[in-house]
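Everything below concerns the one structure shown next.
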Amino acid sequence: MYTLLLEIVVYVVSVYHTSREDMTSFALGDRVRVDIPDVTHPAYEEYHGRHGIVVQLLVHSMGMNRAKNHGEPSYRVQLDDGTIQDFGSPHLRPPIE
Numbered sequence: 003m004y005t006l007l008l009e010i011v012v013y014v015v016s017v018y019h020t021s022r023e024d025m026t027s028f029a030l031g032d033r034v035r036v037d038i039p040d041v042t043h044p045a046y047e048e049y050h051g052r053h054g055i056v057v058q059l060l061v062h063s064m065g066m067n068r069a070k071n072h073g074e075p076s077y078r079v080q081l082d083d084g085t086i087q088d089f090g091s092p093h094l095r096p097p098i099e
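Note that the numbering used here has the sequence shown beginning at 3, numbered continuously upward.
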């Protein structure tokens, strides 16, 4: 029983780290596309599929470039229509041109 539990924990941790490594990082001035795959997400209708430019890497109270409570980088993006919005890296992808 203990061995099975340990194997499950090792698997979950490896999947978590693999998915974290796959996240794309962006720099100031990078062009990005907003990708919110969950159609029930409150921001889906307004932002999904839109493009913009990273205008700021957000630094939170802990002094790190991290989104609150998520551990992923967070970015301020100026969308093509001039709207400025903050997004965590799971919701940003390279642009579709």
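Beta carbons: idealized from backbone N, C-alpha and C, even for Gly.
Which same chain residues, not among the five before or five after residue i, have their C-beta less than 6 Å away from its C-beta?
i: aspartate 32; result: Val56
i: glutamine 80; result: Gly54, Ile55, Val57, Ile86
Can you give me the Cβ contacts of residue i inside the same chain, cut-off strictly under 7 Å, excluding the 5 residues immediately before and after it?
i: isoleucine 98; result: Arg35
i: isoleucine 38; result: Ala45, Tyr46, Tyr49, His50, His93
i: threonine 5; result: none
Verify whether the separation of the beta carbon atoms of residue i and residue j is less than 9 Å.
i: aspartate 113; j: arginine 52; result: An answer regarding residue 113 cannot be provided, because it is not within the stretch 3 to 99 covered by the chain.
i: alanine 29; j: leucine 59; result: yes
Could you confirm whether any beta carbon from chain D is found closer than 9 Å to the beta carbon of residue i?
i: valine 57; result: Here there is only one protein chain, and chain D is not present.
Between residue i and residue j, which are expected to be in contact by the criterion C-beta below 8 Å, what is the C-beta distance as a whole number of angstroms?
i: arginine 95; j: isoleucine 86; result: With 8 Å as the limit, arginine 95 and isoleucine 86 do not qualify as a contact, their Cβ atoms being about 19 Å apart.
Going by DSSP, name the residue or residues bridged to residue i.
i: tyrosine 49; result: Answer by DSSP bridge pairing: none, since tyrosine 49 is not bridged.
i: glycine 90; result: Ser76
i: leucine 60; result: Leucine 60 pairs with nothing; no bridge assigned.
i: glycine 54; result: Val34, Leu81
Please go through the same chain and pick out, in chain order, the residues whose beta-carbon is closer than 8 Å to the beta-carbon of residue i, but skip the five residues on each side of it.
i: proline 27; result: Correcting the residue type first, residue 27 is serine in the shown sequence and not proline. If we look at serine 27 and ignore the five residues flanking it on each side, its Cβ neighbours are Pro75, Ser91.
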